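Visitor: Residue numbers (the working numbering), protein chains in the order written: chain Y, 4 to 170; chain R, 4 to 170; chain F, 4 to 170; chain P, 4 to 170.
Built from N, CA and C at the ideal position, the CB exists for glycine as well.
None of these values were measured; they are calculated from a predicted model.
Here it is, the structure in full.
Protein chains: 4
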Amino acid sequence: MAPSPVRLFVTGGTFDKKYNELDGSLFFEDTHLPEMLRLGRCGLELSVRTLMMINSLEMTAADRALIVEQCRSAAESRIVITHGTDTMVETALVLSDAFPASGHKTILLTGAMVPYAFGSSDGLFNLGSALSFVQVLPPGVYIAMNGKYFPSGRVRKNRETGVFEEF
Amino acid sequence: MAPSPVRLFVTGGTFDKKYNELDGSLFFEDTHLPEMLRLGRCGLELSVRTLMMINSLEMTAADRALIVEQCRSAAESRIVITHGTDTMVETALVLSDAFPASGHKTILLTGAMVPYAFGSSDGLFNLGSALSFVQVLPPGVYIAMNGKYFPSGRVRKNRETGVFEEF
Amino acid sequence: MAPSPVRLFVTGGTFDKKYNELDGSLFFEDTHLPEMLRLGRCGLELSVRTLMMINSLEMTAADRALIVEQCRSAAESRIVITHGTDTMVETALVLSDAFPASGHKTILLTGAMVPYAFGSSDGLFNLGSALSFVQVLPPGVYIAMNGKYFPSGRVRKNRETGVFEEF
Amino acid sequence: MAPSPVRLFVTGGTFDKKYNELDGSLFFEDTHLPEMLRLGRCGLELSVRTLMMINSLEMTAADRALIVEQCRSAAESRIVITHGTDTMVETALVLSDAFPASGHKTILLTGAMVPYAFGSSDGLFNLGSALSFVQVLPPGVYIAMNGKYFPSGRVRKNRETGVFEEF
């Protein structure tokens, strides 16, 4: 029994930040997700689509509506979304209104504390984690960070420690 | 509801190979698992124990008996074992005799195709994957590789491609 | 004949930037120079001293006076200074007033376009370069970047390309 | 005054070893030198040519004759050769018969203790070092390792420590 196909939506976040060597700033360009999947020798049937490439502090209600709409129209019932950690909890709440536990879609949001390009990222670990949880968790919206999964609505990011916590 | 504590047994394998710069050979020394868990910002309640540090081609029946015994005496019901990929399937079979699906232990074996120390490893991805599957899969013995999980007894490593396949 | 001892002064710059995972900013903490020298298996008799740890855009006349003073009081006649690339040319000019070609000190400034911690730095290459030039160039003040050396006063950083050029 | 053009000959060695993930062995494929030069933002006028791609323990007299011949026919008077460290001293001796200090070619051999692909190599440091020494040292044959240069005939590799020493 092959695993169900998974849809992977990219929205940006620390995952995909790069270093601009001309002015020393951090910026977004192309996503590193395909390279990370290759590095992880990921064998899942997986289609990747970039929805936006932004810092999640700048994500608007319209951006979130677009994410909901894309999840709705995806043929796959299993969806992973890469997202900045600063407002991941907020986006998860918006998604959980549209995709309740009584539905048939399992949606995992994940992110990174350190850019993948900076060589010391938690991104590869989190990506492996989110792609695994999404295959086995029941329908609903979750966050996968720090090796754990959290049902949306019961999780916050601790701003002092950078760690996600259940409450 | 905090996740169940997880026991992590280290047996060596490509995961932990190092490069000997004096003679150009590959060898084992200390495990990189604690460093990898730190890098992944893993927040699970997790205790790590090194059982052996060997190439899995050299693993004996006595070594496998030791692994079974350690899984049996572990207080945790959720166990991840890092293991060389060459004989991971064989060890999974031995474990599944001792820990059937009707039991209460969930055991995941995982490994790496490229040493973590070589900077381009799939190990971090696989570790995130195995630690996630172990939290949600029902009792039994599984292999986590290539972003998938495989029930023991229904999986082989394709020697030509290095990829794990269900059959 | 053993090579002359070398003094290495650290002033910060991109070389030593780190990523703050709590707010996504870049900042300075400890220098990576000792780790880089270890990685390069550098066998030179070398003493490292951190003079400041700043972005070179914020370097003041007083900071430059301190660098001159430290070069003057150093017992070694061969000195390498790590420095942000944005004002490296300016500091080299200040130093060349104090340490002319007719003197007996050879001073090399070097830097990096990408932080060492970001895993893809030119810093290790430039460090190997500066430590080599400093052993063989005659007295005077130079910049070592892009695999070349430039006498102070005949070099500028091209802001569009990030490359150092002789003029 | 632009720096003289440099010829870079690649012969293999630890510099260019890769990890074969199917059988766990180390092997040679393409050289990493162009990538390393890009990473180092090297701006020298430089032409790279691969002469062979071997472990230096397997280098024959015919291989060394080929290296001598290629150095002789190179238009450039400044040449860097990447080479395995195990027999680098021997090749330097052969070269120094053909290219004495009274000649007009400056030849630097360099290598690495750890493969570049393994993410923790001294190769980038040594490459920056050799490319710098070659621009300023007088004619003759030298080895550049550990941040130092050694005239051929006065250097050995310490097999216990992996460090190059003058004698």
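Can you give me the C-alpha to C-alpha distance between F/S124 and F/V166, rounded to a whole angstrom?
Guide: Answer to the nearest angstrom: the Cα atoms are 15 Å apart.
Visitor: Do you know offhand how far F/G15's Cα is from F/G87's?
Guide: Near 6 Å, if we compare the C-alpha coordinates of F/G87 and F/G15.
Visitor: Just verifying my parser: in three-state terms, what is the DSSP assignment at Y/R162?
Guide: If DSSP states are grouped into helix, strand and coil, Y/R162 belongs with coil.
Visitor: Kindly list, in the order they appear in chain F, the residues whose Cβ is closer than 8 Å to that of P/R81.
Guide: What P/R81 touches in chain F: nothing, since even the nearest Cβ is about 12 Å away.
Visitor: Closer than 7 Å, Cβ to Cβ, to anything on chain R: give me those residues from the stretch 20 to 49 of chain Y, in chain order.
Guide: So the close ones are L42, G43, R44, C45, G46, L47.
Visitor: Taking Cβ positions, are P/I57 and P/F18 nearer each other than 9 Å?
Guide: Taking 9 Å as the Cβ cut-off, P/I57 and P/F18 do not qualify as a contacting pair.
Visitor: Quick one: is R/E169 near chain Y, going by C-beta distance under 9 Å?
Guide: Output row for R/E169: interface = yes.
Visitor: Could you tell me the distance, in whole angstroms, from the CA atom of R/A147 to the CA atom of Y/A65?
Guide: About 38 Å.
Visitor: Taking P/V158 as the reference, which of P/P118, P/S99, P/R44 has the closest Cα?
Guide: Minimum Cα distance to P/V158 is reached at P/S99.
Visitor: Count the C-beta pairs between the stretch 128 to 136 of chain Y and the stretch 33 to 48 of chain F that are closer than 8 Å, then say yes if the count reaches three, no if not.
Guide: Result no; under three Cβ-Cβ pairs closer than 8 Å.
Visitor: Mind checking which residues open and close the beta strand (DSSP E) that includes P/S50?
Guide: Note, P/S50: beta strand (DSSP E), 49 to 57.
Visitor: Residues in its own chain within less than 6 Å of Y/A3 by CB, not counting five upstream and five downstream?
Guide: No information on residue 3 of chain Y is available, as it lies outside the stretch 4 to 170 that chain Y covers here.
Visitor: Give a yes or no on whether the minimum CB-CB distance between F/V73 and chain P is below 9 Å.
Guide: One detail in the question is off: residue 73 of chain F reads as Gln in this sequence, not Val. By this cut-off, F/Q73 is not an interface position.
Visitor: Rounding to the nearest angstrom, what Cα-Cα distance links R/C74 and Y/R52 in this structure?
Guide: Distance between the alpha carbons of R/C74 and Y/R52: 41 Å.
Visitor: List the residues of chain Y that R/D125 touches, going by C-beta distances under 8 Å, in chain order.
Guide: Going along chain Y in sequence order, the residues near R/D125 (Cβ under 8 Å) are L42, G43, R44.
Visitor: Taking R/G150 as the reference, which of Y/Y119, Y/I70, Y/S76, Y/C45 has the closest Cα?
Guide: Out of Y/Y119, Y/I70, Y/S76, Y/C45, Y/C45 has the C-alpha closest to the C-alpha of R/G150.
Visitor: For chain R, is any of its Cβ atoms less than 9 Å away from the one on P/T94?
Guide: False, the Cβ-Cβ gap to chain R never drops below 9 Å.
Visitor: So which residues on chain F does Y/M148 lean against when the C-beta distance must stay under 8 Å?
Guide: In chain order: nothing, as chain F lies at least about 12 Å away.
Visitor: Beta carbon of R/A101, beta carbon of R/V71: below 9 Å?
Guide: Their beta carbons are under 9 Å apart, which means R/A101 touches R/V71 by this criterion.
Visitor: Do the CB positions of Y/F153 and Y/Y22 come within less than 9 Å of each other?
Guide: Going by C-beta atoms, Y/F153 is not nearer than 9 Å to Y/Y22.
Visitor: Within 10 Å of its beta-carbon, does R/F170 have 16 or more other beta-carbons around it, so buried, or fewer, so exposed?
Guide: Answer is exposed; the Cβ neighbour count stays below 16.
Visitor: Does any residue of chain Y bring its CB to less than 9 Å from the CB of F/G15?
Guide: By this cut-off, F/G15 is not an interface position.
Visitor: Could you check whether the Cβ of F/E163 sits closer than 9 Å to any Cβ belonging to chain Y?
Guide: It does; some Cβ of chain Y falls within 9 Å.
Visitor: I believe Y/L111 touches Y/S50 by the beta-carbon criterion, under 8 Å. Please report the beta-carbon distance rounded to the nearest angstrom.
Guide: Contact flag wrong, Cβ pair sits at about 16 Å.
Visitor: Could you tell me the alpha carbon to alpha carbon distance between Y/A68 and Y/Q138, rounded to whole angstroms?
Guide: Cα to Cα, Y/A68 sits roughly 25 Å from Y/Q138.
Visitor: How many whole angstroms separate the CB atoms of R/E95 and R/V144, which I take to be in contact at a CB cut-off of 8 Å?
Guide: Correcting the residue identity first, residue 95 of chain R is Ala in this sequence and not Glu. Going by Cβ atoms, the distance from R/A95 to R/V144 rounds to 5 Å, so yes, they are a contact pair.
Visitor: How far does the beta strand (DSSP E) with P/R157 in it extend, from its first residue to its last?
Guide: Unbroken run through P/R157: none, as it is neither H nor E.
Visitor: Given Y/R81, which residues of its chain have a CB within under 6 Å of its CB, disregarding the five upstream and five downstream residues?
Guide: So the list reads S7, V9, T109, V137, once near-sequence residues are dropped.
Visitor: Quick check on DSSP: helix, strand or coil for Y/L111?
Guide: Note: Y/L111 maps to strand in three-state DSSP.
Visitor: May I have the straight-line CA-CA distance separating R/T85 from R/L42, to the nearest angstrom?
Guide: Looking at the two C-alpha atoms, the distance is approximately 17 Å.
Visitor: Anyone know if the C-beta pair for Y/R162 and F/L134 falls short of 9 Å?
Guide: No, Cβ-Cβ distance for Y/R162 and F/L134 is not below 9 Å.
Visitor: Please decide whether R/M55 counts as near chain P, where near means a Cβ-Cβ distance under 9 Å.
Guide: Cβ-Cβ to chain P under 9 Å: no for R/M55.
Visitor: Name the chain Y residues whose beta carbon is nearer than 8 Å to that of F/V117?
Guide: Under the 8 Å cutoff, chain Y gives Y22, E24.
Visitor: Out of curiosity, what's the CA-to-CA distance linking Y/E168 and R/E93?
Guide: One C-alpha to the other measures close to 38 Å.
Visitor: Here's the rule: buried if 16 or more other CB atoms are within 10 angstroms of the residue's CB, otherwise exposed. What is F/L47?
Guide: So F/L47 counts as buried.
Visitor: What residue from F/E61, F/M91, F/V13 has the CA that sits closest to F/L54's CA?
Guide: Closest option to F/L54, Cα to Cα, is F/V13.
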